[in-house]
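Chemist:
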Amino acid sequence: MSVAVEQPRASWVEPVRLLVVRTGALAIVELQKLRHDNTELITRMVQPVLWLLVFGQIFSRIRAIPTGDLSYLEYLTPGILAQSALFVSIFVGIQIIWDRDAGILTKVMVTPTPRAAIVLAKAFSAGIRGLAPVVILVPLSLLLGVAITVNPLKLIAAAVALMLGAGFFACLSMAIAGVAQARDRLMGIGQLMTMPLFFASNALYPIEIMPGWLQVISQINPLTYLVNALRGLLVGAPANLWADFGVLLAAAVVGVAGASRLMGRLVR
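Residue 200 in the working numbering is what sits at position 216 of the sequence shown, and the numbering runs on without skipping anything.
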């Protein structure tokens, strides 16, 4: 009579399963927070609308920025979508500090929950927040005459790019929170970073017209690759989507690893 011998699971299966399960549970909690208080999502839509209606309209008439075959509004719209993802995500670290001050973070971290699960859930929530302005910006852009694609596959790919970009900037914010450890410091650092990241990208103007030193910074700025991907997908601008998504994915992975490593400083 033969006895069946249970084969041991691979050593990586259980940690991966735990990471997926805990990330899903924490992501649901983050989405419930959004459902109960969506004021932030509404207020975050105001600024990008003003960029399109004021900045975009004025510079379209000036015609001072070379944008090739695209109108300036077509060139600007993906940049404003990327900007919204940046501005929404860069202050996610404040939520982590608030969770620590309320004792929530400590309670979660003493459980078997991997730190990466906490970071991934916050990054996912930031990605959903980053998608919120699309609801009003895309219809507004169409009303202003911007020829945005209606290809569902391209729209889904653009949403994935936005979520990857927002996730990276959320991880960057959480990593800074681990260093700053105070809300007022994080606010100051976040405000110091947002505008340089925005202006040192191709969101408002082509890289080619930047001074040489700024072109170098733009080439290593993840926001540039997010804008490139959105332009290629939404308005048909030339883009190397494999490179753009590769950089965004690599940045997100590095961001998750860095934020997970630094988060322990918040509860020491």
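Don't be surprised by glycine CBs; every beta carbon is placed ideally from N, CA and C.
#1: Short check: CB of A100 to CB of E14, under 7 Å?
#2: Inspect the CB distances between the stretch 73 to 91 and the stretch 227 to 238 and report whether three or more fall short of 8 Å.
#3: Only counting runs of 4 or more residues, tell me where the alpha helix (DSSP H) segments fall wholly within the stretch 135 to 204, in order along the chain.
#4: CB-CB under 6 Å to R113, same chain, minus the five flanking residues each way: which ones, in chain order?
#5: Going by the beta-carbon positions, is the gap between A145 and L60 smaller than 7 Å?
#6: Nearest to V119 by alpha carbon, out of L65, A110 and S157?
#7: Taking the alpha helix (DSSP H) that P32 falls in, what are its first and last residues?
#8: To test your reading of the DSSP string, which unbroken alpha helix (DSSP H) runs of 4 or more residues are found completely within the stretch 109 to 137?
#9: Indicate whether the contact test is met: 3 or more Cβ pairs, each with one atom in the stretch 130 to 138 and one in the stretch 153 to 172, closer than 8 Å.
#10: Could you check whether V240 and V103 sit closer than 7 Å to each other, using their CB atoms as the reference points?
#11: For the alpha helix (DSSP H) holding I49, just list the boundary residues, first then last.
#12: What number of angstroms, rounded off, separates the C-alpha of L36 from the C-alpha of F183?
#13: With burial defined as no fewer than 16 other Cβ atoms inside 10 Å of the residue's Cβ, what is the status of I81: buried or exposed?
#14: Check for me: the alpha helix (DSSP H) holding S55 runs from which residue to which?
#15: If you draw a straight line from the alpha carbon of S185 to that of A236, how long is it in whole angstroms?
#16: Between the alpha carbons of L121 and R84, how many angstroms are there, rounded?
#17: Is the CB-CB distance between F152 and P98 below 7 Å?
#18: Helix or strand or just coil, what does DSSP make of F256?
#19: Between T51 and P195, what straight-line distance do the alpha-carbon atoms span, to the nearest angstrom?
Modeler: So, to answer that:
#1: One-based indexing of the sequence shown puts residue 100 at position 116. One-based indexing of the sequence shown puts residue 14 at position 30. No, these two residues do not count as a Cβ contact at 7 Å.
#2: The stretch 73 to 91 is not in contact with the stretch 227 to 238.
#3: The alpha helix (DSSP H) runs of length 4 or more contained entirely in the stretch 135 to 204 are, from start to end of the chain, 136 to 164, 167 to 183 and 196 to 203.
#4: Along the sequence shown, read from residue 1 onward, the residue named residue 113 stands at position 129. So the list reads V72, once near-sequence residues are dropped.
#5: Counting from one through the sequence shown, the residue named residue 145 turns up at place 161. Counting from one through the sequence shown, the residue named residue 60 turns up at place 76. Contact: no.
#6: Your numbering for residue 119 matches position 135 in the sequence shown. Shortest Cα-Cα distance from V119 to any of L65, A110 and S157 involves L65.
#7: Locating residue 32 in the sequence shown gives position 48, counting from the first residue. In the DSSP annotation of this structure, the continuous segment of the alpha helix (DSSP H) that includes P32 starts and ends at V30 to L34.
#8: Correct list: 118 to 127.
#9: Taking 8 Å as the limit for Cβ pairs, the verdict is that the stretch 153 to 172 does not touch the stretch 130 to 138.
#10: Working through the sequence shown from its first residue, we reach residue 103 at position 119. Working through the sequence shown from its first residue, we reach residue 240 at position 256. Taking 7 Å as the Cβ cut-off, V103 and V240 qualify as a contacting pair.
#11: Numbered from 1 along the sequence shown, position 65 holds the residue referred to as residue 49. It is not in any alpha helix (DSSP H) - I49 carries neither H nor E in the DSSP assignment.
#12: Sequence index remark: in the sequence shown, residue 36 carries index 52 (1-based). Sequence index remark: in the sequence shown, residue 183 carries index 199 (1-based). Looking at the two C-alpha atoms, the distance is approximately 16 Å.
#13: Sequence index remark: in the sequence shown, residue 81 carries index 97 (1-based). Looking at its Cβ environment, which holds 16 or more other Cβ atoms inside 10 Å, I81 is buried.
#14: Locating residue 55 in the sequence shown gives position 71, counting from the first residue. Where S55 is concerned, there is no enclosing alpha helix (DSSP H), given that its DSSP letter is neither H nor E.
#15: Counting from 1 along the sequence shown, the entry for residue 185 is found at position 201. Counting from 1 along the sequence shown, the entry for residue 236 is found at position 252. Looking at the two C-alpha atoms, the distance is approximately 18 Å.
#16: Residue numbering aside, residue 121 sits at position 137 when the sequence shown is read from its first letter. Residue numbering aside, residue 84 sits at position 100 when the sequence shown is read from its first letter. Computed Cα separation, rounded: 34 Å.
#17: As a first step, residue 152 is located in the sequence shown; it is residue number 168 there, counting from the start. As a first step, residue 98 is located in the sequence shown; it is residue number 114 there, counting from the start. Contact flag unset, no.
#18: No information on residue 256 is available, as it lies outside the stretch -15 to 252 that the chain covers here.
#19: As a first step, residue 51 must be located in the sequence shown, where it is residue number 67. As a first step, residue 195 must be located in the sequence shown, where it is residue number 211. Each residue's CA atom was taken as its position, placing T51 and P195 some 17 Å apart.
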